[in-house]
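The structure appears right after this line, and notes come after that.
In our numbering, the protein residues as written are 3 to 303.
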């Protein structure tokens, strides 16, 4: 049974059972992952999943349920479970569904090119990645982590108010950790690359970067405590900045769980730094033209 037929059946049942409005959130996807160690395939993963969520709305209250099966029987069980959950729902929050209105960006995040690659081609890629890291410098002892993977996903949100949105995306990534050593110490270096198309995955650059970062640390020493002018590497700054991400969450702000509550529109840091929420960034695998409630997304500062 396809998702459209499943949704139609679930909506039919939900009307009979007493829900005023209903919504289906469908998610499916797959992942292929390889890792190599000492020139051999160390692990192999080829998995897929399907999930469907039903939400029923009545008098501002929500009843929800989840299934991994698309069938007429599953639709009946799903709606029935959601209504039971609605019956015991508590809290003062009033829920509404989006009707699909608004301007949705035209955003294509799916190429299908990763799925067209053969298993042999993918094995050759992860092997080449390990070799590039190992051959960078004679001080590279081993490559404890070498992974390549690709993933695809499809989202469908449809409800009885007229919302009907679909989005499909795919991406690939590579991770390498190199171990360098000399007579005094051993250090690790890390490199990660996330791409939208297979041809953008530069295994030589990624492998060399991980090993270079490992070798650069050999012979390093500590500095005295004090105030220094420093330059952060972009990924290091990203890690530091990520520590504060929960503070910037709109949901946390609205719930009073962030110190930024009540400061919307107020400058809170350096004028040289502006943080953007860009759900339509072409390079990002997490970009999509609508959020999990079906509302259109847009770039915000």
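No residue lacks a Cβ here, since even glycine has one placed at the ideal position from N, Cα and C. Here the structure is a predicted model, which is why all the values come from computation and not from measurement.
Only residues of its own chain outside the window of five on either side were considered, and among them 47, 149 and 151 have a CB closer than 7 Å to the CB of residue 35, listed in chain order. The count of Cβ pairs closer than 8 Å, one atom from the segment 197-211 and one from the segment 164-175, reaches three, so the stretches are in contact. Buried is the label assigned to residue 132, since at least 16 other Cβ atoms lie within 10 Å of its Cβ. Where residue 205 is concerned, the enclosing alpha helix (DSSP H) starts and stops at 205-218. In this structure, the CA atom of residue 266 is about 43 Å from the CA atom of residue 214. Here residue 189 has 182, 216, 219 and 220 as same chain residues with Cβ atoms under 7 Å from its own Cβ, once five neighbours each way along the sequence are excluded. Only exposed fits residue 89, as fewer than 16 other CB atoms lie within 10 angstroms of its CB.
Sequence-distant partners of residue 156 (beyond 5 residues in either direction) whose C-beta falls short of 6 Å from its own C-beta, in its chain, are 30 and 170. Taken in chain order, the unbroken stretches of alpha helix (DSSP H) that lie wholly in the segment 73-103 and span 4 residues or more are 74-89.
Ranking 64, 17, 294 and 222 by CA distance to the CA of residue 98 puts 64 first. In the displayed model, residue 55 falls within a strand according to three-state DSSP. Your pair residue 165 and residue 102 checks out as a contact, with CB atoms roughly 4 Å apart and the cut at 8 Å. Closest by C-alpha distance to residue 246, out of 277, 228 and 231, is 277. Per DSSP, reduced to three states, the secondary structure at residue 192 is strand.
Contact between residue 56 and residue 80 is confirmed by a C-beta separation of about 5 Å, below the 8 Å threshold.
Where residue 236 is concerned, the enclosing alpha helix (DSSP H) starts and stops at 236-244. For residue 115, there is no enclosing beta strand (DSSP E); the residue is part of the alpha helix (DSSP H) that begins and ends at 115-118. Counting only the Cα atoms, residue 3 lies some 14 Å from residue 78. For residue 201, the closest of 25, 75 and 113 by C-alpha to C-alpha distance is 113. For residue 175, the secondary structure class from DSSP, reduced to helix, strand or coil, is strand. Rounded to whole angstroms, the Cβ separation of residue 209 and residue 138 is 7 Å, and the two are in contact under 8 Å. Taken through DSSP and simplified to helix, strand or coil, residue 49 comes out as strand. In this model, residue 43 and residue 125 are separated by some 8 Å (Cα to Cα).
Annotation for residue 13: the continuous alpha helix (DSSP H) segment containing it runs 5-19. With at least 16 other beta carbons inside 10 angstroms of its own, residue 58 counts as buried. Per DSSP, the continuous beta strand (DSSP E) segment holding residue 158 begins and ends at 142-161.
Between the alpha carbons of residue 69 and residue 6 lies a distance of about 15 Å. Residue 204 has its alpha-carbon roughly 15 Å from the corresponding atom of residue 116. Around the CB of residue 128, 16 or more other CB atoms lie within 10 Å, so the residue is classed as buried. Counting only the Cα atoms, residue 263 lies some 33 Å from residue 158.
According to DSSP, residue 301 shares a beta bridge with no other residue.
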